[in-house]
Amino acid sequence: MTNMISYQGLVRTFPNTAKRYAATIRLRLNTLDKSAWTLIAEGSERERQQLLFVALMLHSPVVKDFLAEVVNDLRRQFKEKLPGNSWNEFVNSQVRLHPVLASYSDSSIAKMGNNLVKALAEAGYVDTPRRRNLQAVYLLPETQAVLQRLGQQDLISILEGKLNRPGNPGD
351 MTNMISYQGL
361 VRTFPNTAKR
371 YAATIRLRLN
381 TLDKSAWTLI
391 AEGSERERQQ
401 LLFVALMLHS
411 PVVKDFLAEV
421 VNDLRRQFKE
431 KLPGNSWNEF
441 VNSQVRLHPV
451 LASYSDSSIA
461 KMGNNLVKAL
471 AEAGYVDTPR
481 RRNLQAVYLL
491 PETQAVLQRL
501 GQQDLISILE
511 GKLNRPGNPG
521 D
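For the sequence shown, the residue numbers in my numbering are 351 to 521.
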């Protein structure tokens with residue numbers, strides 16, 4: 351068996367890193383049901399992208415809050431770009447709500463932000479991680495059905511940018 355494991359186009363020669371990535375992916379996928387797993391494995395590229403982003407949101411509530419409070423707010427204001435400092439500003443404003451954020455080093459926070467921007471690009475919320483031009487996202491009916499099955503229908507409006515936070519229809 352080789353120690354090289356391909357992950358998102360990168361070759362990793364560190365087995366512990368690969369195991370950590372696999373554990374993270376497993377935890378995210380466990381937030382979904384078996385029907386969603388089938389769509390990820392056998393569905394379209396768009397279905398896969400949307401459902402993997404849903405899994406990320408369900409696994410990491412801070413991602414949902416960032417999308418709702420930063421990305422959707424910028425789109426509502428007709429801003430064209432996600433500012434480069436938006437993640438750091440968000441983290442600083444959210445430490446009380448998500449105390450776990452205070453336990454991470456600055457470099458870990460920066461890496462989380464970079465990974466989140468990459469995930470936003472893969473899901474279609476920004477054009478590229480570098481340019482960060484905001485884009486509208488329309489959820490596929492299959493993605494909406496998964497969210498309804500999971501009892502997470504409040505995320506539909508957040509994912510489509512129609513609502514900032516659950517329970518606040520006026521946003």
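Quick reminder that beta carbons are idealized off the backbone N, C-alpha and C, glycines included.
Contact between the stretch 361-377 and the stretch 476-492 is absent: fewer than 3 CB-CB pairs across the two stretches fall below 8 Å.
For Leu-484, the beta-bridge partners assigned by DSSP are Val-476.
In the DSSP assignment, no residue is bridged to Lys-461. Taking a contact to require three or more Cβ pairs closer than 8 Å, the stretch 393-409 and the stretch 449-456 do not qualify as touching.
For Thr-381, there is no enclosing alpha helix (DSSP H), as DSSP marks it with neither H nor E. Contact between the stretch 485-499 and the stretch 394-406 is established, with three or more Cβ pairs separated by less than 8 Å.
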